[in-house]
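This report concerns only the one structure given below.
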Amino acid sequence: MPKTTQLRTYTVRDGLLDEWVERWRGEIVPLRLELGFTIGGAWVDRESNQFVWLISYDGPETFAERNALYWSSPEREAMSLNPDDYLVRTEELTVEPAY
120 MPKTTQLRTY TVRDGLLDEW VERWRGEIVP LRLELGFTIG GAWVDRESNQ
170 FVWLISYDGP ETFAERNALY WSSPEREAMS LNPDDYLVRT EELTVEPAY
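Just so you know, the sequence shown maps onto residues 120 to 218 in the working numbering.
Quick look at the structure:
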């Protein structure tokens with residue numbers, strides 16, 4: 120399958136941005152990496168209370184198939200991390216390099 124990259128923008132609930140980033144770094148990133156995803160970077164926009172990151176997958180399955188594996192994994196369930204507790208809005212754009 121060709122490499123797929125998503126630009127994800129999350130609007131985080133007031134007062135939870137730092138906690139979200141800490142949990143994302145400590146729990147989400149290690150599992151994503153273990154499952155073959157790559158993280159192209161992550162940024163916070165404190166003024167807008169937003170968290171922005173790039174995630175890619177380049178493997179034998181589609182991004183959607185691998186993403187479904189992530190969400191259904193026992194490790195993901197063990198996190199007890201419900202995105203709705205932190206995120207007001209999510210946007211996912213599939214992007215490709217232009218430069």
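Each residue gets a CB set at the ideal place from its N, CA and C atoms; glycine is no exception.
- In this structure, Asp133 keeps its C-beta atom at 8 Å or more from the C-beta atom of Asn186.
- Remark: three or more beta-carbon pairs, one from each stretch, lie closer than 8 Å, so the stretch 130-150 and the stretch 199-209 are flagged as touching.
- Taking C-beta atoms as the reference points, Leu200 and Glu146 count as a pair closer than 8 Å.
- Residue state for Glu153 is assigned as helix, using DSSP reduced to three classes.
- The C-alpha of Pro179 is placed about 32 Å away from the C-alpha of Thr130.
- Only residues of its own chain outside the window of five on either side were considered, and among them Ile158, Ile174, Tyr189 have a CB closer than 8 Å to the CB of Arg151, listed in chain order.
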